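Below: one structure, written as structure tokens.
2 protein chains.
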Amino acid sequence: MTLASAERTTAVLSGTALAKDIRARVSTTAAELPAAGTEPRLAVVVATDDESTAWYVRSIAKAAAGTGIRCDVVDLGASATPERIRGELGTLSEDPAVHGIVLQTPLPGAASLEDLATAITPEKDVDGANPVSLGRLSAGLPAFAPATAAAVAELLEHHEILLSGRRAVVVGRSNVVGRPAAQLLLRRDATVTVCHRYTRDLAAHTRQAEVLVVAVGKVGLIGAEHVSPGAVVIDVGTNPTEDGGLVGDVDADAVTGLAAGLTPVPGGVGPVTTALLLRHTVESAWRSTA
Amino acid sequence: MTLASAERTTAVLSGTALAKDIRARVSTTAAELPAAGTEPRLAVVVATDDESTAWYVRSIAKAAAGTGIRCDVVDLGASATPERIRGELGTLSEDPAVHGIVLQTPLPGAASLEDLATAITPEKDVDGANPVSLGRLSAGLPAFAPATAAAVAELLEHHEILLSGRRAVVVGRSNVVGRPAAQLLLRRDATVTVCHRYTRDLAAHTRQAEVLVVAVGKVGLIGAEHVSPGAVVIDVGTNPTEDGGLVGDVDADAVTGLAAGLTPVPGGVGPVTTALLLRHTVESAWRSTA
């Protein structure tokens, strides 16, 4: 090993310990809820045959069960119409026994998450999919942030990465991750740049980042040339590999030794996201007892 | 004049012709509405004694009258409670004769615009103050953008300033201008950076801007050292001067000869903002007849 490469080590910014900690607190709260008159319950609405989605939904259901939250998977089938999905979301919104509602993507055909999610009442919108939640969030009013974007912020806080006054760059501008993550970083007083497919010279932007958040869904998008020495890199990408594993958007080998810290995939943002969905659900359940 | 200073001229990106054009079209639409069964009506809710606010509200009322829109100024007085304001906004939201509702700032004491504006029904939220409008806007769903932010986008389009793939920097992150302006620039495919009071080395960021939007409310905030040659600068600041005039956030003398274009203050963003409030009101009135 040369001196130069020994000079910098890249911390693995794991999410597993944080997720475990969040789930433990969720369990405690969930156990107290029956005495307050309710049992916490999450409903996940699915309208796809996609196998990796089914796997993800099972992992949510398992995590929920592990913390004492009942999780109903409402499978409407891949041929469900937008009207049918909207109707189901409305029914769940009105059901006092349900505290959290997640509309799982992908959706069939022309159905739009943003449009359908307006049928999820904000009080139960634990994945922050309803544009009302995003608006309240960016206005600084109480609302549930999309769980993945919230997981980015929680991970940074957990690993004591300062944000105030620092240059944060978000690559990706989706409504579920990029945009809300940018809002959350801005609320924490970072100077925030949002890059996307039309950004010219992506590397010139990302190299300015002290904190780099990548949420595109493209293997190998971020390499050594995109990262400045000492940057903290949060990899939100979860791309399935041929052998059934997961890989992020960041070339971890290329960035290791360069970045000050990097979240692993899997084991970084993912487990924190699921844990936050559960935390949001018990928070919603608590408020319903008030 | 030296050769160097003669090499570049700074275009004055006036808003007066654009505002006149928008108002002319509003007049045409407003004149057609009675035949469709309604008369366009805007309500401006005021709860302050502030003299410059009173001046601004009168200018809206005058512009409305000039286009055939009835404008009711609902003055609740500087001692109005948040409950009183909220109640009035609710009443106006339910009144079928009212098509546009503006809650004017400043507000008394602890009243928060974001909080109170949730009482404005989104259909009539012609100044995009309700967080629902902001959320729908950033999710790409139909909504009224805050008129000032929309005016920034309209001015850029009117003067044929391309945005796709270009570096835009917004200075200021208010819910009424900075944040929504950043959303609108992002939707037009610019790479967008939001700077604010905690940004370190503001000039290093703003010098990277091909399009610079300044919305802070601080005289002389932006000087020659903040602007790269050839940048387009949109000055949203409207700071009252001692002699009763208005001045922006940009030192226009310093930037002239350097920027490719600069909006004047007054006569830039301001008149377009008022014209867009009126356009939103007739749009809302049209939809109410459908």
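Just so you know, the protein sequences line up as chains A and B, in that order.
Here the first sequence stands for residues 1081 to 1370, where the numbers follow the numbering used here.
Here the second sequence stands for residues 1081 to 1370, where the numbers follow the numbering used here.
Glycine included, each C-beta is placed from N, C-alpha and C at the ideal position.
Remember, it's a predicted structure, so these values are computed and weren't measured experimentally.
Next item on the list: Could you give the DSSP three-state label for Thr1369 of chain B: helix, strand or coil?
Entry: Numbered from its first residue, the second sequence carries residue 1369 of chain B at position 289. The answer is helix: DSSP assigns Thr1369 of chain B an H, G or I state.
Next item on the list: Run the CB neighbour count on Asp1101 of chain B, radius 10 Å, all protein chains shown included, and call it buried at 16 or more, exposed below.
Entry: Numbered from its first residue, the second sequence carries residue 1101 of chain B at position 21. The residue in question, Asp1101 of chain B, is exposed, as its Cβ has fewer than 16 Cβ neighbours within 10 Å.
Checklist line | Spatial distance of Ala1091 of chain A from Thr1128 of chain B (CA atoms) | finding: Along the first sequence, read from residue 1 onward, the residue named residue 1091 of chain A stands at position 11. Along the second sequence, read from residue 1 onward, the residue named residue 1128 of chain B stands at position 48. Each residue's Cα considered, the two are about 54 Å apart.
Item checked: Spatial distance of Asp1329 of chain A from Val1272 of chain A (CA atoms) -> Your numbering for residue 1329 of chain A matches position 249 in the first sequence. Your numbering for residue 1272 of chain A matches position 192 in the first sequence. Rounded to the nearest angstrom, the two C-alpha atoms are 20 Å apart.
Item checked: Identity of the residues DSSP links to Ile1314 of chain A by a beta bridge -> Here residue 1314 of chain A refers to the residue found at position 234 when the first sequence is read from its first residue. Note: Ile1314 of chain A sits in a beta bridge opposite A:Val1293.
Checklist line | Whole-angstrom distance between Ala1225 of chain B and Ala1084 of chain B, CA atom to CA atom | finding: Residue mapping note: residue 1084 of chain B aligns to position 4 of the second sequence, counting from 1. Residue mapping note: residue 1225 of chain B aligns to position 145 of the second sequence, counting from 1. Because Ala1084 of chain B carries a pLDDT of 48, less than 50, the predicted location of this residue cannot be relied on, and the following value inherits that uncertainty. Whole-angstrom Cα-Cα distance: 41 Å.
Note to self: Bridge partners for Pro1320 of chain A per DSSP, in chain order?
What the structure shows: Locating residue 1320 of chain A in the first sequence gives position 240, where the first residue counts as 1. Paired residue(s): A:Leu1326.
Note to self: Quick check: what's the CA-CA separation for Ala1248 of chain B versus Glu1290 of chain B?
What the structure shows: Counting from 1 along the second sequence, the entry for residue 1248 of chain B is found at position 168. Counting from 1 along the second sequence, the entry for residue 1290 of chain B is found at position 210. Roughly 6 Å between the two C-alpha positions.
Next item on the list: Closer than 6 Å by C-beta to Ala1340 of chain A: which residues in its own chain qualify, once you throw out the five before and the five after it? Chain order, please.
Entry: Numbered from 1 along the first sequence, position 260 holds the residue referred to as residue 1340 of chain A. Cβ neighbours of Ala1340 of chain A beyond the five flanking positions: Gly1310, Val1312.
Check: Taking 8 Å as the CB-CB cut-off, is Ala1199 of chain B touching chain A?
Finding: In the second sequence, counting from the first residue as 1, residue 1199 of chain B sits at position 119. Not an interface residue.
Notebook entry, point to check: Thinking C-alpha only, which one of A:Ala1270, A:His1360, A:Pro1162, A:Gly1350 is nearest Ser1213 of chain A?
Noted result: Translated into the one-based positions of the first sequence, residue 1213 of chain A becomes position 133. It is A:His1360.
Notebook entry, point to check: Ends of the alpha helix (DSSP H) at Ile1140 of chain B?
Noted result: For this step, residue 1140 of chain B is matched to residue 60 along the second sequence. That run of the alpha helix (DSSP H) goes 1131-1147.
Item checked: Leu1358 of chain B - DSSP class collapsed to helix/strand/coil -> Indexing the second sequence from 1 puts residue 1358 of chain B at position 278. Reduced to three states, the DSSP call for Leu1358 of chain B is helix.
Item checked: Whole-Å CB distance - Val1137 of chain A paired with Val1124 of chain A, under 8 Å assumed -> Locating residue 1137 of chain A in the first sequence gives position 57, where the first residue counts as 1. Locating residue 1124 of chain A in the first sequence gives position 44, where the first residue counts as 1. Indeed, because the Cβ distance is near 5 Å, the residues count as touching under 8 Å.
Checklist line | Buried/exposed call for Asp1333 of chain B, threshold 16 Cβ in 10 Å | finding: Here the question's residue 1333 of chain B lines up with position 253 in the second sequence. Exposed, since its Cβ has fewer than 16 Cβ neighbours within 10 Å.
Checklist line | Per-residue burial, Met1081 of chain A [other beta carbons within 10 Å of its own, 16 or more giving buried] | finding: For the purposes of this step, residue 1081 of chain A is taken as the residue at position 1 of the first sequence. Residue confidence is low: Met1081 of chain A scores 38 on pLDDT, short of 50, so the model does not pin down where it sits. Its coordinate-derived value is still stated next. Exposed, since its Cβ has fewer than 16 Cβ neighbours within 10 Å.
Check: Which residues in the same chain have their Cβ closer than 7 Å to the Cβ of Gln1263 of chain B, if we skip the five residues on either side of it in sequence?
Finding: As a first step, residue 1263 of chain B must be located in the second sequence, where it is residue number 183. The residues are Leu1217, Ser1218.
Margin query: Just checking: is the beta-carbon of Val1274 of chain B within a distance shorter than 8 Å of some beta-carbon in chain A?
Written below: Here residue 1274 of chain B corresponds to residue number 194 of the second sequence, with the count starting at 1. Chain A contact via Cβ: present.
Notebook entry, point to check: Using a C-beta to C-beta distance shorter than 9 Å, which residues of chain B count as neighbours of Asp1130 of chain A?
Noted result: Start at 1 with the first residue of the first sequence, and residue 1130 of chain A comes out as number 50. The contacting residues do not exist; Asp1130 of chain A stays about 23 Å from chain B at best.
Check: Which residues in chain B sit within 9 Å of Glu1194 of chain A, going by Cβ to Cβ distance?
Finding: As a first step, residue 1194 of chain A must be located in the first sequence, where it is residue number 114. In chain order: Arg1216, Ala1219, Gly1220, Leu1221.
Check: Closest by CA to Glu1363 of chain A, which one among A:Arg1088, A:Ala1099, A:Thr1089, A:Glu1119?
Finding: Taking the first sequence and counting its residues from 1, the one referred to as residue 1363 of chain A is at position 283. Ranking the options by Cα distance to Glu1363 of chain A, first place goes to A:Glu1119.
Next item on the list: For the region 1260-1293 of chain A, enumerate the residues whose C-beta is nearer than 7 Å to any C-beta of chain B, in chain order.
Entry: Leu1266, Asp1269, Thr1271, Val1272, Thr1273, Val1274, Cys1275, Tyr1278, Thr1279, Arg1280, His1285
Notebook entry, point to check: Alpha carbon to alpha carbon, how far is Pro1188 of chain A from Val1126 of chain A?
Noted result: As a working mapping, residue 1188 of chain A is identified with position 108 in the first sequence. As a working mapping, residue 1126 of chain A is identified with position 46 in the first sequence. Going from the Cα of Pro1188 of chain A to the Cα of Val1126 of chain A covers about 10 Å.
Note to self: I'd like to know whether the C-beta of Glu1244 of chain B is nearer than 8 Å to at least one C-beta of chain A.
What the structure shows: The sequence position of residue 1244 of chain B within the second sequence is 164, counting from 1. According to the sequence displayed, residue 1244 of chain B carries Ser and not Glu. Yes, because at least one Cβ of chain A sits closer than 8 Å to the Cβ of Ser1244 of chain B.
Next item on the list: Following the continuous alpha helix (DSSP H) through Leu1236 of chain A, name the residue where it begins and the one where it ends.
Entry: Numbered from 1 along the first sequence, position 156 holds the residue referred to as residue 1236 of chain A. 1227-1238 is the span of the alpha helix (DSSP H), which, as asked, contains Leu1236 of chain A.
Check: Can you list, in chain order, the residues of its chain whose CB lies under 7 Å from that of Arg1164 of chain A, leaving out five sequence neighbours each side?
Finding: Here residue 1164 of chain A is taken as the residue at index 84 of the first sequence, counted from 1. Here the set comprises Leu1156.
Margin query: Is the separation between the beta-carbon of Val1294 of chain B and that of Gly1317 of chain B shorter than 8 Å?
Written below: Taking the first residue of the second sequence as 1, we reach residue 1294 of chain B at position 214. Taking the first residue of the second sequence as 1, we reach residue 1317 of chain B at position 237. Yes. Within cutoff.
Note to self: Considering only the alpha carbon of each residue, which of B:Ala1197, B:Pro1176, B:Val1296 lies closest to Thr1185 of chain B?
What the structure shows: Position 105 of the second sequence, counting from 1, holds the residue named residue 1185 of chain B. It is B:Ala1197.
Margin query: Would you say Ser1308 of chain B lies against chain A (beta-carbon separation less than 8 Å)?
Written below: Start at 1 with the first residue of the second sequence, and residue 1308 of chain B comes out as number 228. Not closer than 8 Å to any Cβ of chain A, the Cβ of Ser1308 of chain B fails to qualify, so no.
Notebook entry, point to check: In three-state DSSP terms, what is Pro1344 of chain B?
Noted result: Locating residue 1344 of chain B in the second sequence gives position 264, where the first residue counts as 1. Note: Pro1344 of chain B maps to coil in three-state DSSP.
Margin query: Taking a contact to mean a Cβ-Cβ separation below 8 Å, would you say Val1206 of chain A touches Arg1121 of chain A in this structure?
Written below: Counting from one through the first sequence, the residue named residue 1206 of chain A turns up at place 126. Counting from one through the first sequence, the residue named residue 1121 of chain A turns up at place 41. Their beta carbons are not under 8 Å apart, which means Val1206 of chain A does not touch Arg1121 of chain A by this criterion.
Checklist line | Pro1188 of chain A at chain B interface by Cβ criterion, 8 Å | finding: Here residue 1188 of chain A corresponds to residue number 108 of the first sequence, with the count starting at 1. For Pro1188 of chain A, the answer is no, since every Cβ of chain B falls outside 8 Å of its Cβ.
Note to self: Using a 10 Å radius around the Cβ and a threshold of 16 neighbouring Cβ atoms, would you call Arg1103 of chain A buried or exposed?
What the structure shows: Here residue 1103 of chain A refers to the residue found at position 23 when the first sequence is read from its first residue. By the neighbour-count rule (16 or more Cβ atoms within 10 Å), Arg1103 of chain A is buried.
Notebook entry, point to check: Near Ala1304 of chain B, what residues of its chain come up, given a Cβ to Cβ distance below 7 Å and the 5 sequence neighbours on each side ignored?
Noted result: If you number the second sequence from 1, residue 1304 of chain B lands on position 224. Ala1334, Val1335, Leu1338, listed in sequence order.
Margin query: Tell me the residue span of the beta strand (DSSP E) that contains Leu1183 of chain B.
Written below: Taking the first residue of the second sequence as position 1, residue 1183 of chain B is located at position 103. Per DSSP, Leu1183 of chain B belongs to the beta strand (DSSP E) from 1180-1183.
Margin query: Would Pro1211 of chain A and Leu1221 of chain B qualify as a contact pair, given that the criterion is a beta-carbon distance under 8 Å?
Written below: As a position in the first sequence, residue 1211 of chain A is number 131, starting the count at 1. As a position in the second sequence, residue 1221 of chain B is number 141, starting the count at 1. Contact flag set, yes.
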